[in-house]
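Protein chains in written order, with the working numbering: chain A, 1 to 406; chain B, 407 to 858.
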Amino acid sequence: MSSVCFYFQVHQPFRLRHYTVFDRSPRYFDEFKNASICRKVANKCYLPSNRLLLDVIRRLEGRFKISYSLTGVILEQFKKYCPEVMSTFDALAETGCVEFIGETYYHSLSFLYSPDEFIAQINKHTELIQQLYGQTPRVFRNTELIYSNSLAETIEKMGRFDAIITEGADHILGNRSSNFVYRPPNSEHMKLLLKNYSLSDDIAFRFSNRGWQEFPLTAEKFAKWINRVNGNGHCVNLFMDYETFGEHQWEDTGIFSFMSHLPQEILKHPDNCFMTPSEIIDSYDAVDVVDVPHIISWADIERDLSAWLGNPMQSGALHDVYKIEKLVKQTQNEELLADWRQLQTSDHFYYMCTKYFADGDVHKYFNPYESPYDSYINFMNVLSNLKERCSESFVNHNGQPLRKSS
Amino acid sequence: MKVFMLGWEFPPYISGGLGTACHGLTKAMNDLGMEVTFVVPKPIESNLSAHVKMLSPLQCRPLDSVPGKKATTELPDLKNVTIKTIGSPLEAYTTPQYYEQKIEELLKQRPNISDPSDDIEPAVEKWLRETDEQIEHIAHEHYGGDMYSEVHRYAASAVRLAIRENFDVIHAHDWMTYPAGIAVASVTGKPLVIHVHSTEFDRSGEHINQMIYDIERRGMHAASKIIAVSYLTRNIIITRYGVLGEKVEVVYNGVEQNGDGRTLPFNKIGIQSDEKIVLFLGRITMQKGPEYFLMAARKVLEEMDNVKFVMAGTGDMMHRIIEMAAQMGIGHKVLFTGFLRGKDVEKIYQMADLYVMPSVSEPFGIAPLEALNYDIPVLISKQSGVAEVLTHVLKVDFWDVNEMANKIIAVLKYPPLQLTLREHGNFEVRRLRWSGAAEKCGKVYQSILQKN
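Okay, here's the thing in structure tokens:
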């Protein structure tokens, strides 16, 4: 049996506006840029993809299943900039063939810095998903699939989740296959769904690469690869950014017609089916323990944190953000809290990455900055202002400091 | 490969980046086994030389050469490079018209001459003797040596040297040597490559000197190939001088490593006082944008106090800039050091927290590479050729003083920024070596020689 499990990541950050050290305004975000990027991506990707997948689900009468992880930040943007996308997700949710996955509301790296904040953001996200789609997420994915044994422990302690999604990195699996369900060490209950990065990347990265020996990739060919899993695997986890459809792979590459034909091709084999992550964990037992003492992610070839923590600017900025957690929370000011949390979105730190900067590459996608240095300067100027606003909120109108609540 | 190279200055006696570039390039060519004859004007010691800064390596030595006779130097570390200097008095006069007419006469004789070294030489010698006489004659008539005459005088002497030399290609650096390049090419029939380190538009903005422009244009059109120090300069050559793009190759400058790769890391941390130093190093002239540096400095000082701005260099705007600093009320925060050389340059780099090059128009700009070599973070204007090759630096439009100040403050205020810039910048600059530039020049020569 091969159960194909699609999970799409949907996220856009609130990008900062150009903010110099001389600015004093409490408005940090570039409304115009965020709106126009959101609308652009909606028209090229979210809307056509949602309609296409909805159509396939209806056509196959419920035999096609998919799952999404929508960040709180992108849902805020849809609501604000393109509500029509919201209604297509509603329609998808109503089919009963779509599962929504849990994550941090702000697509943050909070797990690495503040367990309290991490849990608070997961709860905030769960509430939003419940409110919008009437589902309580059972499966969790962390920002950029960042994962380790200790993350599994933290999530298990929350008591709400049954499984975690992460990267099927070679160095954690050894010679084992990602096409089975695994579990973390010292846990009876929690399960792990690992990304089949080879088949996922065939669609997400290689689909339109003319230098690839498998080019052009057809639905028939891909279905054959799925069929091969029969007999030596339970599930094929195809995890990718939703922007793959229409943005990373443009419409003229044929990606939409590929996706429209793929499900029926896969279902031609009687042993194949589609499942949501929850159905996978309900159907299959964990076959083995996967031990991940060191943190992994799905980024770049290193599969580590170097895209967000690779240089002193990134670690400095992250450290500075979480250093003011107490200060921000003491103000009990919702606006300040929201601004601080928006600054935690991992993209801000990704823009500061110097790793491949000189060569120019994927890291440039939707990057509003000319250089990682510019992004750091901008971010730090905003953070300095936020810090000042927090401190000022403790000062009353006579300029006297108020007694801080502890 | 034998190269007959025409230059205007050579270290240690230099007034700017041209001499540094010529030294770096010839040294790398030497290492690649190319033979270079480098011709520089050699002014005799004169107190009348203030109007033009052109110095030669032999300036300090007693002069024994008869005027008009070549002097040859071989530098110990440049085995294949011969430096030839021309014993030309700075007050040398010959009108361009006279010179051009003479070249034409020589060219008319050329087809009849089979072996140039035998037959053309007397003709040239005759011409130069006449020129010498003429010089003396004119010199008595009116005083006031001008650059143009000097340029043509240099050309005449270069021709005299060239006839006795054996070489494959002529390589002329910047407009002062273009007439010499054209003359040598005409007489010897060898291909001419001109190397554009800067154009009249960089030096003078839109208010160009027509005479210099004409010399540049003639040089560019006479050359078989043009080497530009950046795409910025290549664009100027194509759009302003009407040269076909296919003729212009870009060869970026390099930087010579200081010492044996020895760096000066963390030289500031914890050692000196808490006063930060922001450095401007270059000629204080319109092209280098000193006023934008001051305007940014004023904005920086509105935000923070513990910072000094050091302006190292001299130039025609020096007095204006000093006055401007005083008028802005930041005079006590801006220090002027005058022109710095050698050890002093090293010292000032070691003290600086940030190097700023706010150039209005900079064909390349070697100084930022030197700063990076000394582990100093760098902020450069986007209107510079070096911005095309450096990624681990801060960039700003020269007119955007607000953003310039914003970035200066960021470097001084956020230590991780300085650390990352240093780390990556120093690594990046190690890849920009003169050997790469010399190799590319070699390829340019090859391409011409194959065509001929």
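Beta carbons are placed, not taken as given, at the ideal position from N, Cα and C, and that holds for glycine.
query                                                                                                                                                                      : result
For B:TYR698, tell me which candidate among B:TYR820, B:LEU823 and B:PHE804 has the shortest Cα-Cα distance.                                                               : B:PHE804
Rounded to whole angstroms, how far is the Cβ of A:LEU145 from the Cβ of A:CYS5, which I believe are closer than 8 Å?                                                      : Actually they do not touch by this definition, with Cβ atoms about 14 Å apart.
According to DSSP, is B:VAL602 helix, strand or coil?                                                                                                                      : strand
For B:VAL661, collect the residues of the same chain with a Cβ closer than 7 Å to its Cβ; drop the 5 residues on either side in sequence, then sort them by chain order.   : ILE772, LEU775, GLU776, ASN779, VAL835 and LEU838
In chain order, what are the residue ranges of uninterrupted alpha helix (DSSP H) at least 4 long that sit wholly in the region 602-668 of chain B?                        : 606-610, 616-628 and 637-647
Beta-carbon separation of B:THR605 and B:ILE569 under 9 Å?                                                                                                                 : no
Is A:GLU103 near A:HIS125, with beta carbons less than 9 Å apart?                                                                                                          : yes
List the DSSP bridge partners of B:TYR761.                                                                                                                                 : B:LEU685 and B:VAL784
With DSSP collapsed to three states, give me the class of B:ALA561.                                                                                                        : helix
Is it true that the CB of B:GLN693 sits closer than 9 Å to the CB of B:ASP859?                                                                                             : Look at the range of chain B in this structure, 407 to 858, and you will see that residue 859 of chain B is not part of it.
For A:TYR322, would you say it is in contact with chain B, using Cβ-to-Cβ distances shorter than 9 Å as the test?                                                          : no
Can you look up A:TYR68 in the DSSP assignment and give me helix, strand or coil?                                                                                          : strand
Along the chain, which unbroken stretches of the beta strand (DSSP E) at least 3 residues long are found entirely within the region 106-156 of chain A?                    : 139-141
Using beta carbons (cut-off 9 Å, strictly below), is A:TYR28 in contact with chain B?                                                                                      : no
If we call anything under 9 Å between Cβ atoms a contact, is B:LEU685 one with B:ALA718?                                                                                   : yes
Is B:HIS579 helix, strand or coil by DSSP?                                                                                                                                 : strand
Residues of the region 678-702 of chain B with a CB closer than 9 Å to any CB of chain A: list them in chain order, please.                                                : none
Considering only the beta carbon of each residue, do B:LEU431 and B:ALA793 sit closer than 9 Å?                                                                            : no
Could you name the residues of chain B that A:PRO312 contacts, counting a contact when the two beta carbons are closer than 7 Å?                                           : PRO822, LEU825 and THR826
Determine the chain A residues that contact B:ILE786 at a beta-carbon separation under 9 Å, and present them in chain order.                                               : Under the 9 Å cutoff, chain A gives no residues; its nearest Cβ is about 12 Å from B:ILE786.
Is the distance from the Cβ of A:LEU92 to the Cβ of A:TYR113 below 9 Å?                                                                                                    : no
Identify the residues that DSSP records as bridge partners of A:LYS195: which are they?                                                                                    : A:GLU167
Taking A:PHE8 as the reference, which of A:GLU265, A:ALA338 and A:GLU243 has the closest Cα?                                                                               : A:GLU243
Closest Cβ-Cβ distance between A:ASP374 and chain B: below 9 Å?                                                                                                            : yes
DSSP on B:TYR549, reduced to helix/strand/coil?                                                                                                                            : The predicted model places B:TYR549 with a pLDDT of 34, which falls under 50 and marks its position as unreliable; any figure quoted below should be read in that light. Looking at B:TYR549 - three-state DSSP - the assignment turns out to be coil, as it is neither helix nor strand.
Between B:PHE573 and the rest of its own chain, which residues show a CB-CB distance below 7 Å, the 5 nearest in sequence each way excluded?                               : LYS408, VAL409, PHE410, THR443 and LYS596
Around the C-beta of B:MET701, are 16 or more other C-beta atoms found within 10 angstroms, so that it is buried, or is it exposed?                                        : buried
How far does the alpha helix (DSSP H) with A:SER260 in it reach, from first residue to last?                                                                               : 255-267
Interface residues of chain B around A:THR88 at Cβ under 9 Å?                                                                                                              : Near A:THR88 there are no residues of chain B at all, since even the closest Cβ is about 41 Å away, more than 9 Å.
Quick one: does B:ILE815 have its CB under 9 Å from some CB of chain A?                                                                                                    : yes
For A:SER391, count neighbouring C-beta atoms within 10 Å of its own C-beta (all shown protein chains included) and say buried if the count is 16 or more, exposed if not. : exposed
Using alpha carbons as the reference points, say which of B:PHE770, B:ALA816 and B:VAL817 lies closest to B:LEU403.                                                        : For chain B, the structure presents residues 407 to 858; residue 403 of chain B sits outside this window and is missing.
Using the beta-carbon of each residue, which ones in chain A are nearer than 7 Å to B:LEU800?                                                                              : TYR373
Return the chain-ordered ranges of every beta strand (DSSP E) run that is complete within the region 699-733 of chain B and spans a minimum of 3 residues.                 : 713-718
If I measure Cβ to Cβ from B:THR691 and keep anything under 7 Å in the same chain, skipping five residues before and after, which residues do I get?                       : GLY721, ASP722 and MET723
Within the 9 Å Cβ cut-off, does B:PRO671 reach chain A?                                                                                                                    : Residue confidence is low: B:PRO671 scores 45 on pLDDT, short of 50, so the model does not pin down where it sits. No coordinate-derived value is stated.
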